[in-house]
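Residue numbering for the sequence shown follows this note's numbering, beginning at 39 and increasing consecutively. Glycine included, every Cβ here is placed at the ideal spot set by N, Cα and C. Shown next, in structure tokens, is the structure this report addresses.
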Amino acid sequence: MITLDRLVNVLGGYGVVSRLDAVPRSTELRSVVIPEPGVIGDVVLAIGAASVAEAVSWAADAGAAAVLVRADDDADPVEPKVAVLRVDPTVPWSEMAAVVYGLVLEGRETESGRGPTDLFALADSLADAIGGPVVIEDRRSQVLAYSRMQADADPARAQTILARQAPPGLRALFDKLGVTAKLTSSDEPFFIKPDPAHGLSGRMVVAARVGREPLGSVWVSCPRALRGAAARALSDGARTVALHLLRSRASADLERQVESESVIRLLDGTADAATVASRMGLPPGPLRVIAVRPRAEGESHTALLVAFEQATAGFGWSRPGRSAVADTTVYTVLPTEAADQGRAWVAALSAALPESATVWAGISAPAVVDELSTARSEADECLALHEARGGAVPAYDESWDDILLQRLRAAAGSGRGPSRGPVAELQRHDEEHRTPFVATLRAWLEAQGDSVAAASRLGVHENTVRNRLRTITRVTRVDLGDPQKRLAMMIELAAVENPQSPPA
Numbered sequence: 039m040i041t042l043d044r045l046v047n048v049l050g051g052y053g054v055v056s057r058l059d060a061v062p063r064s065t066e067l068r069s070v071v072i073p074e075p076g077v078i079g080d081v082v083l084a085i086g087a088a089s090v091a092e093a094v095s096w097a098a099d100a101g102a103a104a105v106l107v108r109a110d111d112d113a114d115p116v117e118p119k120v121a122v123l124r125v126d127p128t129v130p131w132s133e134m135a136a137v138v139y140g141l142v143l144e145g146r147e148t149e150s151g152r153g154p155t156d157l158f159a160l161a162d163s164l165a166d167a168i169g170g171p172v173v174i175e176d177r178r179s180q181v182l183a184y185s186r187m188q189a190d191a192d193p194a195r196a197q198t199i200l201a202r203q204a205p206p207g208l209r210a211l212f213d214k215l216g217v218t219a220k221l222t223s224s225d226e227p228f229f230i231k232p233d234p235a236h237g238l239s240g241r242m243v244v245a246a247r248v249g250r251e252p253l254g255s256v257w258v259s260c261p262r263a264l265r266g267a268a269a270r271a272l273s274d275g276a277r278t279v280a281l282h283l284l285r286s287r288a289s290a291d292l293e294r295q296v297e298s299e300s301v302i303r304l305l306d307g308t309a310d311a312a313t314v315a316s317r318m319g320l321p322p323g324p325l326r327v328i329a330v331r332p333r334a335e336g337e338s339h340t341a342l343l344v345a346f347e348q349a350t351a352g353f354g355w356s357r358p359g360r361s362a363v364a365d366t367t368v369y370t371v372l373p374t375e376a377a378d379q380g381r382a383w384v385a386a387l388s389a390a391l392p393e394s395a396t397v398w399a400g401i402s403a404p405a406v407v408d409e410l411s412t413a414r415s416e417a418d419e420c421l422a423l424h425e426a427r428g429g430a431v432p433a434y435d436e437s438w439d440d441i442l443l444q445r446l447r448a449a450a451g452s453g454r455g456p457s458r459g460p461v462a463e464l465q466r467h468d469e470e471h472r473t474p475f476v477a478t479l480r481a482w483l484e485a486q487g488d489s490v491a492a493a494s495r496l497g498v499h500e501n502t503v504r505n506r507l508r509t510i511t512r513v514t515r516v517d518l519g520d521p522q523k524r525l526a527m528m529i530e531l532a533a534v535e536n537p538q539s540p541p542a
């Protein structure tokens with residue numbers, strides 16, 4: 039079943055404002071009704087109610103714990119045992135009814151043993167009917183559930199369950215045998231012969247699909263191909279597994295849509311940021327925005343969607359962050375003050391992606407909910423920095439200086455850098471005469487005018503640095519003793535990529 043807490047959280051994304059009073063958030067909901075004489079239910083859709091009081095009266099008559107009402111009056115509920123959920127006038131009743139029925143009925147299916155979270159019980163049932171240990175996997179070959187039957191478990195099964203996926207050697211064997219292609223193209227069970235070298239005693243495998251779309255697969259450990267009743271039980275079980283996975287995905291997709299829309303509102307700078315964050319279970323602060331851009335050769339969109347699915351995996355608000363996808367980036371609002379926790383989150387997400395995927399990311403400085411729009415810009419700039427230089431995932435409060443230099447380089451690269459002046463003249467002189475004056479000036483300025491330190495950095499004698507500075511003064515007619523001119527040249531040089539090994 040679902041609880042009132044989950045219903046309130048999901049409907050909050052549709053603009054529903056809730057007042058629970060004395061009704062516990064843990065209240066279980068199993069039925070949805072429309073007001074009719076003698077009808078009993080847990081949630082009442084008060085369609086046509088003229089006031090909140092009338093809606094609450096209908097709910098009390100139905101013995102309901104919650105009522106959804108669309109009314110203009112601001113009257114307080116007169117029944118503290120009924121939670122009042124005010125529906126936004128812009129949301130059609132048909133859409134609201136579909137969402138509420140979908141959530142509550144999914145919870146009822148789960149309670150009766152047919153829901154998306156009951157795959158372990160289904161695996162046990164299949165194992166009993168077939169007579170062999172069962173593993174259920176999703177379409178990315180990740181283990182979702184497995185049966186209790188372990189007496190005949192071979193090493194391959196044990197390793198697969200522990201790692202939540204087949205070990206690399208076993209995956210390579212399956213690729214060689216064309217297992218994935220068979221699962222994609224056929225609904226019929228097929229047998230994989232034993233392979234002692236990989237600890238495999240044999241497998242009977244069948245795809246779990248709805249229509250043409252594969253949603254997962256069912257694997258049975260057995261020394262020989264299943265026949266007769268056992269084979270039929272496997273085929274029937276695969277269809278049941280497919281329905282479970284379809285319900286699970288539909289429920290998750292609904293929550294992902296609600297979550298994504300709410301997160302985008304926060305990142306765009308909505309006026310009611312505190313209310314939106316509260317509905318999603320986010321604290322007012324400190325928060326960090328993480329921008330993630332996964333790439334896989336030839337499968338850029340697939341990598342993005344898999345990353346978003348992993349970031350929003352699970353039901354309800356038990357996850358630490360809230361995520362959305364926009365263009366080619368997954369954004370996550372993570373409640374944390376420590377940048378390392380953000381990096382750990384990125385590392386965990388990366389580990390769940392295909393091995394061929396490369397993940398670039400950026401982390402904002404800590405922010406409160408009203409600053410998340412600015413934090414998004416910070417995360418975007420850190421993401422661009424990570425893409426440009428690699429290494430550890432940058433956080434804005436730690437890498438603000440690199441971000442500033444990146445902005446300068448971007449300005450210079452767009453043609454807004456000066457084409458005349460001392461630095462530009464030295465660049466042209468170096469190109470025409472193969473001199474190292476730009477590198478020398480940079481080293482001297484970075485050493486704050488210390489010729490000895492600049493010489494050490496360049497690997498030359500200090501007198502060489504002094505001679506070059508005199509030549510620079512003659513070529514550019516710049517006063518190196520002027521603090522303002524030195525600052526301006528340092529800024530301009532910062533917009534030019536620092537050579538890895540400046541010529542001496």
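Per DSSP, cross-strand counterpart(s) of Asp233:
In DSSP, Asp233 forms a bridge with Leu238.
As assigned by DSSP and simplified to three states, the class of Thr502
helix
Leaving out five residues on either side along the sequence, give the residues of the same chain with a beta carbon under 7 Å from the beta carbon of Val55.
Cβ within range, chain order: Arg124.
Tell me whether the stretch 299 to 313 and the stretch 189 to 201 touch, counting them as touching only if at least three CB pairs, one residue from each stretch, are closer than 8 Å.
no
Drop a sphere of 10 angstroms on the beta-carbon of Gly153, count the other beta-carbons inside from all chains shown, and report buried for 16 or more, exposed for fewer.
Any reading at Gly153 must be qualified, since the residue scores a pLDDT of 40, below 50, and its modelled position is unreliable; the value itself is stated next. Buried is the label assigned to Gly153, since at least 16 other Cβ atoms lie within 10 Å of its Cβ.
Identify which residue in Pro130, Asp408, Pro404 and Pro205 has its Cα closest to the Cα of Ala417.
Pro404
Is the stretch 160 to 174 in contact with the stretch 267 to 276, if contact means three or more CB pairs nearer than 8 Å?
yes
Would you kindly work out how many angstroms separate the C-alpha atoms of Ala550 and Ile85, rounded to a whole number?
In the structure displayed, the chain extends from 39 to 542; residue 550 sits before or after that span and is not available.
Taking only the alpha-carbon atoms, compute the straight-line gap between His424 and Asn505 and give it to the nearest angstrom.
When rounded, the distance between both Cα atoms is 39 Å.
Output the distance between the C-alpha atoms of Trp432 and Val46, rounded to the nearest integer angstrom.
Sequence inspection shows Pro at residue 432; the Trp mentioned does not correspond to that position. Straight-line Cα distance between these residues: approximately 36 Å.
Within its chain, find whatever has a CB closer than 6 Å to the CB of Ser415; leave out the 5 residues flanking it on each side and keep chain order.
none
Outcome for His499 when other beta-carbon atoms lying within 10 angstroms are tallied against a minimum of 16:
Under this definition His499 is an exposed residue.
Span of the beta strand (DSSP E), counted from its first residue to its last, around Asp176:
Val172 to Asp176
Specify the secondary structure class of Gly380 as computed by DSSP and reduced to three states.
Helix at Gly380.
Which listed residue (Asn501, Glu335, Arg515 and Val138) has its alpha carbon closest to that of Glu293
Val138
In chain order, what residues of the same chain lie with their CB nearer than 8 Å to the CB of Val461, ignoring the 5 residues before and after it?
Val476, Leu479, Met527, Glu530, Leu531 and Val534
Exposed or buried, which one is His471 when buried takes at least 16 other CB atoms within 10 Å?
exposed
Counterpart residues of Ile40 in DSSP-defined beta bridges
Leu67
From the DSSP secondary-structure annotation, give me the bridge partner or partners of Ala433.
Ile401
Along the beta strand (DSSP E) that carries Ala481, what are the first and last residues, could you check?
Ala481 -> not in any beta strand (DSSP E); alpha helix (DSSP H) instead, spanning Phe475 to Glu484.
Residue span of the beta strand (DSSP E) that contains Ser95, given as start and end:
No beta strand (DSSP E) contains Ser95, which is instead part of the alpha helix (DSSP H) from Val90 to Asp99.
Beta carbon of Leu221 nearer than 8 Å to that of Ala183:
Taking 8 Å as the Cβ cut-off, Leu221 and Ala183 do not qualify as a contacting pair.
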